[in-house]
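Heads up: the structure comes next, in structure tokens.
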Amino acid sequence: MPNTPQTPGIVNARLPESLLDRNFADIHGPFATHEALVAADRCYFCHDAPCVSACPTEIDIPLFIRQIQNGQPAAAARTIFDQNILGGMCARVCPTDILCEGACVREMAEGKPVEIGRLQRFATDAMMQADHPYSRAPGTGCHVAVVGAGPAGLACAHRLAMHGHRVTLLDAREKPGGLNEYGIAAYKTPDGFAQAEIDWLLQIGGIEVKTGMRLGRELSLAELREDHDAVFLAIGLTGVNALRSEGEERDNVHDAVDFIADLRQAPTKRTIPVGRNVVVIGGGMTAVDAAVQAKLLGAETVTLVYRRGRERMSASGHEQLHAASKGVRIVTGAIPLRILGQNRVEEVEFAYAVEEGGNLHAGDETFCLRADQVFKAIGQRLDDAPGGLALDDGKIAVTGPGRTSIDGVWSGGDCASGGEDLTVTAVAEGRDAAEDIHTELTGRSAIAAE
Amino acid sequence: MADLSTEFLGIRSPNPFWLASAPPTDKEYNVRRAFEAGWGGVVWKTLGQDPAIVNVNGPRYGVVYGADRRVLGMNNIELITDRPLHVNLREIKVVKRDYPDRAMIVSLMVPCEEQAWAEILPLVEETGADGIELNFGCPHGMSERGMGSAVGQVPEYIEMVSRWCKQHTRMPVIVKLTPNITDIRHPARAAKAGGADAVSLINTVTSITSVDLDAMSPEPMIDGKGTHGGYCGPAVKPIALNMVAQIARDPETHGMPISGIGGVTTWRDAAEFLALGAGTVQVCTAAMTYGFKVIEEMTEGLSLWMDEKGYGSVAEVVGRAVPNVTDWQYLNLNYVTKARIDQEACIKCGRCFAACEDTSHQAISMSADRVFEVIDAECVACNLCVNVCPVENCITMEELAEGAVDTRTGAPVSSTHADWTTHPNNPAAVKAAE
Ligand SMILES: Cc1cc2nc3c(=O)[nH]c(=O)nc-3n(C[C@H](O)[C@H](O)[C@H](O)COP(=O)(O)OP(=O)(O)OC[C@H]3O[C@@H](n4cnc5c(N)ncnc54)[C@H](O)[C@@H]3O)c2cc1C
Ligand SMILES: Cc1cc2nc3c(=O)[nH]c(=O)nc-3n(C[C@H](O)[C@H](O)[C@H](O)COP(=O)(O)O)c2cc1C
Ligand code: SF4
Chain B
741 MPNTPQTPGI VNARLPESLL DRNFADIHGP FATHEALVAA DRCYFCHDAP CVSACPTEID
801 IPLFIRQIQN GQPAAAARTI FDQNILGGMC ARVCPTDILC EGACVREMAE GKPVEIGRLQ
861 RFATDAMMQA DHPYSRAPGT GCHVAVVGAG PAGLACAHRL AMHGHRVTLL DAREKPGGLN
921 EYGIAAYKTP DGFAQAEIDW LLQIGGIEVK TGMRLGRELS LAELREDHDA VFLAIGLTGV
981 NALRSEGEER DNVHDAVDFI ADLRQAPTKR TIPVGRNVVV IGGGMTAVDA AVQAKLLGAE
1041 TVTLVYRRGR ERMSASGHEQ LHAASKGVRI VTGAIPLRIL GQNRVEEVEF AYAVEEGGNL
1101 HAGDETFCLR ADQVFKAIGQ RLDDAPGGLA LDDGKIAVTG PGRTSIDGVW SGGDCASGGE
1161 DLTVTAVAEG RDAAEDIHTE LTGRSAIAAE
Chain F
520 MADLSTEFLG IRSPNPFWLA SAPPTDKEYN VRRAFEAGWG GVVWKTLGQD PAIVNVNGPR
580 YGVVYGADRR VLGMNNIELI TDRPLHVNLR EIKVVKRDYP DRAMIVSLMV PCEEQAWAEI
640 LPLVEETGAD GIELNFGCPH GMSERGMGSA VGQVPEYIEM VSRWCKQHTR MPVIVKLTPN
700 ITDIRHPARA AKAGGADAVS LINTVTSITS VDLDAMSPEP MIDGKGTHGG YCGPAVKPIA
760 LNMVAQIARD PETHGMPISG IGGVTTWRDA AEFLALGAGT VQVCTAAMTY GFKVIEEMTE
820 GLSLWMDEKG YGSVAEVVGR AVPNVTDWQY LNLNYVTKAR IDQEACIKCG RCFAACEDTS
880 HQAISMSADR VFEVIDAECV ACNLCVNVCP VENCITMEEL AEGAVDTRTG APVSSTHADW
940 TTHPNNPAAV KAAE
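Same order as they appear, the protein sequences are chains B and F. Under this note's numbering, the residue at position 386 of the first sequence is numbered 1126, and the numbers go up by one with no gaps. Under this note's numbering, the residue at position 354 of the second sequence is numbered 873, and the numbers go up by one with no gaps.
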């Protein structure tokens, strides 16, 4: 008998393959040309447009939309890529409701912003098929090491290559892409888009990718500095925060990020096992993505439990609605106390939270949720920070465009202090650090030439 | 419900909406459908002499789109009817017989020889049609053969042909004018001088709608080449309204019945033509774009608006706005307004700022938090901000009360009328008695 959502325990293929395929297909399919024109037509071409300031990479949104309107999506793509070389990924994964679209004047006017994200995808998709639009400046003879091939590292490497520097892009994992490849929900970027985008990006030339190279294992910062003119650290947040609840070590209590990475790497979602009753603990994008995807795999019940109020969840309102629409139950204001069961988890006990003087603690009233699988998603933290670097609140301390406390070492993306932990922010920081490195290196060689 | 029935040159129709002479009126089949849908009358597609003309066999139309492929303007290189004369006449006759309450006007275009007109007019009369319309407007194809707008551009010919028609038929004669002329009053006066009973306008405007940039040819393209066509639809309405008004207020043609044509798409367009002096309106592009059903919105809308305004009949509306159409020199220079921005309604797009700052008078200020305000001392009241604001009624023009000081000029507002004719800067000013 085939498995169903009601099959006890943790099993795979709870849903027929065709339904799984549909569940994990592109969440917002691409615009057809006419749809794009109609959507583009809604843009008012605002003066000093608020959407531009709301985009961490400051894409000239009114301009690119006007270029779509006037029949030149390739020119639109160029406008986007000039600011954000991962504009294709960002078009798919940005929480636009709290970024550009949230600032759109039509959001204020009628609660229906211009669909900037989907228009951006329309434009960038068009160019993704074409040849890479940028070429390298003449070689500078400088060599930069970029550690971490997530969005921050990729954006930095591309910009450096454009300026004629030689780049070695190092990453601990098997494939480049960082969370683009191992994190983002499968339905946001299906069909191998992350790798296709990297292949396209690397067409610039001058970037050597080396995977399986981990800082702290195969690599040391001292050696990297020794062998290169500059180093950019973009190693993300690979550590996972512990729950610190009793029973955390029981079987079937997992880190949500691992579950999500497995999902992304599985060629068919049929092979991924999921519980009948799933509990996800956390309130960010990771929690939501784990919960939604557990539901899409066919779990009978999925409950996301967050300790504070809904308004404090870092997952955007749109993400929360999306989770609810897929059947995820969101419980807020509850703190996990104990994970119960024999060897395996069977139940999770929570206490309603009480807030006193800004501090949250477990109150007296408790409840239990049945669970055969628990995903922890209470935040990631920085691992592998090389010694000697000043930290700020657990992240690599940076000033200005990613300058660390060590000369010749820059950092950006999730692992660096400041900025939201978003793909687009990582891109902006990588790009800006590259510009600063470029200024520094060319300034230095100008002095040397004198 | 207001009564929409109309009498124009003694021709009755249940409403003032006629289909203009064009493809929608080229055949019995279409015209029957039009009458079933509720159209008040038709001007049959222009008839000519046998042998019938031929049309191109490639595309005839080109369009200009607005948002979402909304047709804003259309151009065509079609000629008059390409069906034999006797077929059209037979169909006109049976349709008029079956729909005696609808207006049936027959459009005609034959060479500028009296004999040609003398021959065709009795044939038309025999169909029982209510009147004829002389097509002096078609700007392509026919004009190159000395007909259509080639006649309409020479007032003497208009007068001559009108006179022949009046001599050879008892049917009312409407002269359809071309807008492709410098001063529309001259052909209208000529029509009147020739004894025509009415004018209708406008026919299409000479145009090239677009260029195929791959083939480097105008559209519509026929085997790699294109030619100018006639432009119509919503885009030409402002041109038509002005021309209708000019004829309505010209002392020489004032009072001459007018059938208004050009871009009528909604009841409101029709009401505007009526207000400027048209007794009926004719529609082509709207019907070609949306089908005959649009008549329902047109008639119901017009009638609802008339009820709201207390107009009992179409005749009460006709010409109402004509006395308010004047020359620039008579506009009151003591009427002072300022733009006002409703901060509640403002969505902070900043288009008013960009427009005024870059292209007008730097009369709108913008704060760091995107609050836009009008600087009265700079505002010349040009209306550009009102026009470009995407929110209706967010920016309005407010009149300064008598006595209030216009901070731009420093002068208090006077309630007396003062215009260019008496302005000191006008070298030809009429001097007040010293
Ligand atoms: C589940 C999940 C879903 C998300 N969904 C979204 C979303 O929908 N939209 C959005 O905008 N953001 C989302 N985010 C956040 C977003 O993915 C990150 O902000 C972004 O990827 C940060 O980019 P980065 O380059 O700084 O780091 P990462 O993408 O984390 O890349 C870091 C790279 O460094 C490598 N690395 C780590 N340590 C070492 C080392 N010691 N030596 C060598 N290499 C190392 C890693 O292998 C990795 O490739 C999500 C995050 C998660 C976890
Ligand atoms: C395809 C087409 C063919 C036309 N043929 C004629 C014609 O044979 N005789 C005529 O008097 N006007 C002709 N016209 C002009 C229309 O009658 C009308 O004057 C013009 O289209 C403006 O009205 P509108 O804006 O409602 O279309 C034609 C217009 C079109 C679009
Ligand atoms: S009316 Fe003209 S001058 Fe006055 S504020 Fe508006 S755009 Fe500027």
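Note that the Cβ used here is the ideal one computed from N, Cα and C, for glycine as well. Note that the structure is predicted; figures quoted are calculated from it, not measured.
Closer than 7 angstroms: B:N920 CB and nearest ligand 1 heavy atom: yes
Under 8 angstroms between C-beta atoms of B:A897 and B:I947: yes
F:A873: contacting residues in chain B (beta-carbon distance under 7 angstroms): H787
Cβ-heavy atom distance, F:G752 to ligand 2, below 7 angstroms: yes
Candidates B:I799, B:I1012, B:G1098 and B:A970: closest to B:D761 by CA position: B:I1012
Three-way DSSP call (helix, strand, coil) for B:I1000 in this model: helix
Neighbour-count burial assignment, F:Q848, 16 or more Cβ in a 10 Å radius: exposed
Integer-rounded CB distance, given that F:G567 should sit under 8 angstroms from F:M628: 5 angstroms
F:I780 beta carbon less than 8 angstroms from that of F:L720: yes
Nearest residue (CA-CA) to F:S778, options F:M520, F:D522 and F:A539: F:A539
CB contact check: F:A952 to chain B, cutoff 8 angstroms: Note that F:A952 has pLDDT 47, beneath the 50 cutoff, so the model's placement of it is unreliable and the number below is only indicative. Judged by the 8 angstroms Cβ criterion, F:A952 is not in contact with chain B.
Within-8 angstroms CB hit, B:D781 to chain F: yes
contact_flag[the region 832-850 of chain B, the region 789-800 of chain B] where n(CB pairs < 8 angstroms) is 3 or more: yes
Residues that B:Y784 contacts on chain F, provided the C-beta gap is smaller than 8 angstroms: C868, R870 and P909
Opening and closing residue of the alpha helix (DSSP H) in which B:G893 lies: P891 to M902
Three-state class that DSSP yields for F:W558 in the structure shown: coil
B:E847 - DSSP class collapsed to helix/strand/coil: helix
Boundaries (first-last residue) of the alpha helix (DSSP H) holding F:W683: P674 to H687
Span separating the alpha-carbon of F:N534 from that of F:T525: 6 angstroms
Chain B contact for F:D587 (CB, 8 angstroms cutoff): yes
Whether F:G713 touches F:R689 by CB criterion (8 angstroms): no
F:I572 Cβ short of 7 angstroms to ligand 2 heavy atom set: no
Short-range partners of chain F found in the region 827-857 of chain B, where Cβ spacing is below 8 angstroms: V845, R846, M848 and A849
With 16 other Cβ atoms within 10 Å as the buried cut-off, status of F:C803: buried
For B:A1173, three-class secondary structure by DSSP: helix
Complete runs of the alpha helix (DSSP H) confined to the region 584-656 of chain F [at least 4 residues]: 604-617 and 633-644
Chain F within 8 angstroms of B:P790, Cβ atoms only: yes
Buried or exposed by the 16-neighbour rule on C-beta atoms within 10 Å, applied to F:T701: exposed
Beta bridge counterpart(s) of B:V1138 as assigned by DSSP: Note: B:V1138 sits in no beta bridge, so no partner.
Where B:Q1113 falls: helix, strand or coil (DSSP): strand
Neighbourhood of B:L919 by C-beta distance below 7 angstroms, restricted to the same chain and skipping five residues each side: G890 and G976
Near ligand 1: F:T728 beta-carbon under 7 angstroms from a heavy atom: no
Meets three-Cβ-pair contact criterion under 8 angstroms: the region 872-881 of chain B and the region 1147-1157 of chain B: no
CB contact flag (B:P1007, B:R861, <8 angstroms): no
Closer than 8 angstroms to chain F by CB, B:V778: yes
Residue interval of the beta strand (DSSP E) (run including B:F972): A970 to L973
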